[in-house]
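The opening position of the sequence shown corresponds to residue 2 in this note's numbering, with each subsequent residue numbered one higher.
In this text, a Cβ means the ideal position worked out from N, Cα and C, and glycines have one as well.
Everything below concerns the one structure shown next.
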Amino acid sequence: MLRRLAWGLVVAWVSACTQVDDLDEAPVYLGNFHLGHNVVAAPNLQKGPLSRDAGKADWIAAMTQAVDERFSRQEGTRLYHLGITLEGYVLAKAGIPVVAAPKSALVLKVTAWDDAKKARLNETPELITVIEGLSGDTVVGSGLTRTAEEQMQVLTQKGAKLIENWLVRQNNAEGWFEDDGRPARTKARARAAEARAAASEEERMQAAAKEALEKARTRTAE
2 MLRRLAWGLV
12 VAWVSACTQV
22 DDLDEAPVYL
32 GNFHLGHNVV
42 AAPNLQKGPL
52 SRDAGKADWI
62 AAMTQAVDER
72 FSRQEGTRLY
82 HLGITLEGYV
92 LAKAGIPVVA
102 APKSALVLKV
112 TAWDDAKKAR
122 LNETPELITV
132 IEGLSGDTVV
142 GSGLTRTAEE
152 QMQVLTQKGA
162 KLIENWLVRQ
172 NNAEGWFEDD
182 GRPARTKARA
192 RAAEARAAAS
202 EEERMQAAAK
212 EALEKARTRT
222 AE
């Protein structure tokens with residue numbers, strides 16, 4: 002697991018750019034999704050090298066809160082459950098500024114369940130690696146500027162956002178949360194095509210009406 006965590010720090014660096022300050026905005030589209038059970042566990046949680054200590058209970062509480070905050074905004078009517086296991090973490094200690102400032106990270110796995118079907122939506126748990134992003138506070142290493150609790154909050158909030166991103170992708174591609182099971186992206190394209198067709202028809206009707214009006218004016222003038 003520690004090797005996997007180290008590798009994840011390299012291949013998943015893009016997750017450091019995840020924005021989580023969108024909770025006051027309208028939630029992303031997730032079909033008819035309504036969060037049911039939010040189950041977070043950490044049976045085999047491992048601490049990475051050069052990391053601060055953090056208890057399993059603290060991690061579970063932080064992750065549970067982050068998921069609740071993000072997904073409780075969805076107002077669908079069909080229940081879906083999320084099962085999350087926390088696999089490994091690094092909470093950066095104070096490092097050498099700029100040159101060797103360590104990054105905090107969290108590795109987790111997530112499984113989505115359809116309550117009505119009593120079945121998993123993904124047979125293989127999705128592996129997600131969360132990495133602390135750069136900011137004015139972390140360019141010198143968050144071990145110098147944040148407490149362990151603050152680091153955990155940042156990582157779990159980003160983890161919840163990455164879970165949301167994954168669910169959006171799956172709904173777009175597989176229609177996980179659509180009542181008719183059709184991929185959301187396909188339906189969005191169909192609606193866009195219908196809108197374009199309707200707009201074209203409206204333009205045609207307006208042009209025809211304008212032409213008829215011009216003809217009427219011409220006849221009146223004659």
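Checklist line | Continuous alpha helix (DSSP H) stretch holding W60: start and end | finding: 57–72
Check: Under a Cβ-count criterion, where at least 16 other Cβ atoms within 10 Å of its own Cβ denotes burial, should E76 be classed as buried or exposed?
Finding: exposed
Next item on the list: Between the Cα of Q254 and those of N39, W60, A27, spot the shortest distance and give me the residue it belongs to.
Entry: Nothing can be reported for residue 254: it is not among the residues displayed for the chain, which extend from 2 to 223.
Check: Using CA coordinates, which residue listed in K188, R147, K94, I85 is at the minimum distance from N123?
Finding: I85
Next item on the list: Keeping to the same chain, check which residues put their C-beta closer than 7 Å to that of D69; ignore five residues upstream and five downstream.
Entry: N39
Next item on the list: Look at the Cβ atom of N173, then the Cβ atom of L31, and state whether they are nearer than 8 Å.
Entry: no
Next item on the list: Give a yes or no on whether the C-beta atoms belonging to I164 and I129 are separated by under 8 Å.
Entry: yes
Notebook entry, point to check: Roughly how many whole angstroms lie between the Cα atoms of E127 and A95?
Noted result: 31 Å
Item checked: Nearest-angstrom Cα separation, counted from K188 out to A67 -> 30 Å
Next item on the list: Please list, in chain order, all residues of the same chain as G160 whose beta carbon is under 7 Å from its beta carbon, the five residues on each side excluded.
Entry: M64, A67, L107, L109, I129, V131
Next item on the list: For the alpha helix (DSSP H) containing E88, list its first residue and its last residue.
Entry: First-last for E88: 79–91, but that is the beta strand (DSSP E), not the alpha helix (DSSP H).
Next item on the list: Give the secondary structure of G137 by DSSP, where H, G and I count as helix, E and B as strand, and everything else as coil.
Entry: Note that G137 has pLDDT 44, beneath the 50 cutoff, so the model's placement of it is unreliable and no number is given.
Item checked: Where the alpha helix (DSSP H) containing T157 begins and where it ends -> 149–175
Notebook entry, point to check: In angstroms, rounded to a whole number, what distance separates the CA positions of R71 and S105?
Noted result: 21 Å
Next item on the list: Identify every residue that forms a DSSP beta bridge with T130.
Entry: V108
Item checked: CB contact flag (R170, G176, <8 Å) -> no
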